[in-house]
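What follows is a set of notes on a single structure, which appears directly below.
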Amino acid sequence: MLDLGCGTGRVTLAVALAGCKVTGVDPNGSRLEAAQAKPNAGQMEWIEGDSTAIPPGYEFDTAIMSANVIQEILDDAELARSFADIAHHLVAGGRLAFDSRDPMGRGLEAWTKERSHKAVQLPEGESQQWYQTTQVDEANGLVEFFANEVGADGTENIGCGTLRFRSEEHLRSMLSQAGLVVNEVSGGFEGEPAGQGIGSLVVTAHKP
Ligand SMILES: C[S@@+](CC[C@H](N)C(=O)[O-])C[C@H]1O[C@@H](n2cnc3c(N)ncnc32)[C@H](O)[C@@H]1O
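FYI, this note's numbering numbers position 180 of the sequence shown as 383, with every residue one higher than the one before it.
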């Protein structure tokens, strides 16, 4: 299995422990290092880079991009390349699954300090965390935000990022251009109809 955008290996390791041969790929070297430092990480393969770093000749029966990886790929041309590389490395009948927040779900409207604030219990004490949207480009689905955290000792950490929200129609069109056939688009992980789930688009597709 290919875990593209594996990050710190959260899903990669779980899948490997379930008995699956898995390759984790991620362009963020420090995330990959954190993955490789985890127990049992030596049992799987890790590649630093994006989809273009997958060596020629590699074949997978399944590929995943879990936890909104595609939203971090802002440029459509780059996402098209990722889908095309996945299609290239899938065996005939092989499957791709990914999730992406649904722009119709309007979940980002809750990304204010008041609505997103939560207290998280950590070994060192209680940490306060919240998101704040700073700019929304509705036409292109681009959302800039701050991720704020105030630790138990009062230390403040502010990260920022940009995500792209793509509609179901947009994703279907990009998958089709990559030669992949959509099996299902759900609104959540329990197979809910799109628009009636958790504000996500959960997509499965296959290579014919
Ligand atoms: C929200 S994390 C999800 C990590 C992991 N899939 C999980 O379920 O925990 C998104 C990941 O996508 C990665 N990413 C960003 N751009 C990417 C690209 N072009 N190709 C592959 N991964 C990318 C980031 O480095 C980050 O680790």
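Ideal Cβ positions, reconstructed from N, Cα and C, are used throughout, including at glycine. Model, not experiment: these values are computed from the prediction.
| Asked | Found |
| --- | --- |
| Tell me which residue opens and which closes the alpha helix (DSSP H) that Phe286 is part of. | Asp279 to His292 |
| Identify every residue that forms a DSSP beta bridge with Pro259. | In the DSSP output, where bridge partners are listed per residue, Pro259 has none listed. |
| Am I right that Val323 and Gln335 are in contact with their C-beta atoms under 8 Å? What's the rounded C-beta distance? | Contact doesn't hold; Cβ gap of about 17 Å is too wide. |
| Take Val214 as the anchor and find which of Tyr261, Ala381 and Ala266 has the nearest alpha-carbon. | Ala266 |
| Can the beta-carbon of Ile250 be found less than 8 Å from the beta-carbon of His292? | no |
| May I ask whether a heavy atom of ligand 1 can be found less than 7 Å away from the beta carbon of Glu251? | no |
| Using beta-carbon positions only, say whether Asn243 and Leu205 come within less than 8 Å of one another. | no |
| What distance in whole Å lies between the Cβ atoms of Gly354 and Ser330, which are believed to be in contact at a cut-off of 8 Å? | 5 Å |
| According to the neighbour-count rule (16 or more other Cβ atoms, all chains shown, within 10 Å of its Cβ), is Ser274 buried or exposed? | For the sequence presented, residue 274 should be read as Gln rather than Ser. Gln274 should be labelled buried. |
| Decide if Arg367 is buried, meaning its Cβ has at least 16 other Cβ atoms within 10 Å, or exposed. | buried |
| At which residues does the beta strand (DSSP E) containing Gln332 begin and terminate? | Gly328 to Asp340 |
| Going by beta carbon distance, what residues of the same chain come within less than 7 Å of Phe448, once the five residues before and after it are set aside? | A query on residue 448 cannot be resolved here, the shown segment of the chain reaching from 204 to 411 and no further. |
| Mind checking which residues open and close the alpha helix (DSSP H) that includes Gln274? | Val272 to Glu275 |
| Applying the criterion that 16 or more other CB atoms from any shown protein chain within 10 Å of the CB defines a buried residue, is Pro306 buried or exposed? | buried |
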